[in-house]
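S.K.:
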Amino acid sequence: MSIRFSRSVRNAGLFSAAVVALSLLASTGFAMETIKAQVTTAPNVPPPITRTQPAHVIVDLEATEFNGRLSDDANYRFWGFNGTVPGPMIRVMVGDTVEIHLKNRKDSKESHNIDFHAVTGPGGGAAMLNTEPGEETKLKFKALNAGLYFYHCATSSPSIPEHIANGMYGAILVEPAGGLPKAEKEFYVVQSEFYTKGTGKKGETLEFSMENGLMEHPSHVVFNGSAGSLVKNPLTAKVGDTVRMFYINAGPNLVASWHVIGEIFDRVYPEGSLVTPPLQNLQTTVVPAGGSSMAEFKVEYPGTYINVDHSIFRIAKGAVGLLKVEGTADKSIYEGLK
-11 MSIRFSRSVR NAGLFSAAVV ALSLLASTGF AMETIKAQVT TAPNVPPPIT RTQPAHVIVD
49 LEATEFNGRL SDDANYRFWG FNGTVPGPMI RVMVGDTVEI HLKNRKDSKE SHNIDFHAVT
109 GPGGGAAMLN TEPGEETKLK FKALNAGLYF YHCATSSPSI PEHIANGMYG AILVEPAGGL
169 PKAEKEFYVV QSEFYTKGTG KKGETLEFSM ENGLMEHPSH VVFNGSAGSL VKNPLTAKVG
229 DTVRMFYINA GPNLVASWHV IGEIFDRVYP EGSLVTPPLQ NLQTTVVPAG GSSMAEFKVE
289 YPGTYINVDH SIFRIAKGAV GLLKVEGTAD KSIYEGLK
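Residues -11 to 326 in this note's numbering are what the sequence shown lists, from first letter to last.
(1) Mapping the DSSP letters down to three states, classify Lys91 as helix, strand or coil.
(2) Evaluate Val231 with the Cβ neighbour count: other Cβ atoms within 10 Å of its Cβ, from every protein chain shown; 16 or more gives buried, anything less gives exposed.
(3) Check whether the segment 128 to 143 and the segment 272 to 284 are in contact - that is, three or more C-beta pairs closer than 8 Å.
(4) With a 10 Å radius around its C-beta and 16 neighbouring C-beta atoms as the bar for buried, classify Gln179 as buried or exposed.
(5) Are the segment 178 to 192 and the segment 238 to 250 touching, with three or more C-beta to C-beta distances below 8 Å?
(6) Hey, is the segment 197 to 207 in contact with the segment 249 to 265, meaning 3+ C-beta pairs nearer than 8 Å?
(7) Measure the alpha-carbon distance for Ile88 versus Tyr289 and round it to whole angstroms.
(8) Report the start-end ranges of each alpha helix (DSSP H) in the segment 174 to 246 that is 4 residues or longer and not cut off at the edges.
(9) Whole angstroms is fine: what's the gap from Leu49's alpha carbon to Asp318's?
(10) I need the straight-line Cα distance from Tyr176 to Val227, nearest angstrom please.
(11) Checking 8 Å against the spacing of the C-beta atoms, do Ala131 and Val162 come in under that value?
(12) Indicate the three-state DSSP secondary structure (helix, strand or coil) for Leu311 in the structure shown.
(13) How would you label Gly309, buried or exposed, when you count the other beta carbons within 10 angstroms and need 16 or more for buried?
(14) Just mark Pro265 as buried or exposed, buried being the case when its beta carbon has 16 or more other beta carbons within 10 Å.
(15) Evaluate the contact criterion for the segment 78 to 92 versus the segment 103 to 121: three or more CB pairs, one atom per stretch, below 8 Å.
(16) Span of the alpha helix (DSSP H) holding Glu150?
(17) What's the gap between the Cα of Val274 and the Cα of Glu150?
(18) Can you have a look at Glu123 and say buried or exposed, based on whether 16 or more other CB atoms are within 10 angstroms of its CB?
(19) Kindly indicate the opening and closing residues of the beta strand (DSSP E) around Ser281.
(20) Using CA coordinates, which residue listed in Arg57, Trp67, Val82, Thr316 is at the minimum distance from Arg39?
(21) Might you give, ordered along the chain, the residues of its own chain that have their beta carbon closer than 7 Å to the beta carbon of Thr272, omitting 5 neighbours on each side?
(22) For Asp60, which of Gly315, Gly188, Val287 has the nearest alpha-carbon?
(23) Is the CB-CB distance between Val33 and Phe234 below 8 Å?
(24) Between Thr316 and Val287, what straight-line distance do the alpha-carbon atoms span, to the nearest angstrom?
(25) Compare the Cα-Cα distances from Arg79 to each of Gly155, Gly167, Tyr157 and report the closest residue.
(26) Around the C-beta of Tyr322, are 16 or more other C-beta atoms found within 10 angstroms, so that it is buried, or is it exposed?
(27) Assuming Gly158 contacts Pro74 (C-beta within less than 8 Å), just tell me the rounded distance between them.
(28) Would Thr193 and Arg65 be called neighbours here (beta carbons separated by less than 8 Å)?
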């Protein structure tokens, strides 16, 4: 074979490969990047997405069973994801291909899975993610719809409600194309109930009560997994900041009446819809069990603002949190008179 002919064959091969590559790019519009999701523990939120094209996003989650603080008086045997209750917040964008890697710790006593409310497909992926202790399962899905979505364990043994009631839930945000408007502060808050039984002895580890769950009589209603978690570690902002709160009601039973005392929600995206126009100037918004809401408000006066479920007796069960705002007071907005 002559050198000239050899070069011709090689060049033809390179040309053919280039044509194939260009054809693939033309059919998809871009070469999809593979990235690992940056997940966060409540009340922290993953950073806003700055890329403009969908990606292949890998999310690592681990089912865990552990003892932790439920209140100042009691501990609880939680079931959760990545060692926390609530589980991590995940942030992707519409059009992303999301790949879930779910591990179940070897020392777990139960099998676990995840039903993602952001998934289009039977069971939200739960059947494909049934994971025995010490094993790992994987699921791939396309994020077709923008919104703020709930995820939770849906294993039927011993029962789906028990897995949720023990703390197996979290949030996945699917950003719309173009992302969300800028906000100086973003927070992830999950309201949930715990149904317990115990002796009443201080410091004991409480157990789950199916009877109280069926009666819908929670012993605790809390934000971010324990009573007073957002009192001991309050959210913070400065005067002039726009605060965006991603609010999940994990239930498993109660409907939440979300209110921030002393503030008005400038914009509320009810039930986590990010594609419909927001409601404006709301005092209190309803969040169904297994649902969500996103609210934005500009803080215009310094001080301490109290986050509550306005089914107000629930404050006594732990549903209270603080937002502390620093800055200069504008007396034209708010002032006591003598």
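By construction, the Cβ of each residue, glycine as well, lies at the ideal position given by its N, Cα and C atoms.
M.R.: Reading it off the structure:
(1) strand
(2) buried
(3) yes
(4) buried
(5) yes
(6) no
(7) 42 Å
(8) 198 to 203, 217 to 220
(9) 46 Å
(10) 20 Å
(11) yes
(12) strand
(13) buried
(14) exposed
(15) yes
(16) 148 to 153
(17) 24 Å
(18) exposed
(19) 279 to 286
(20) Val82
(21) Ser245, Trp246, His247, His298
(22) Gly188
(23) yes
(24) 11 Å
(25) Gly167
(26) exposed
(27) 5 Å
(28) yes
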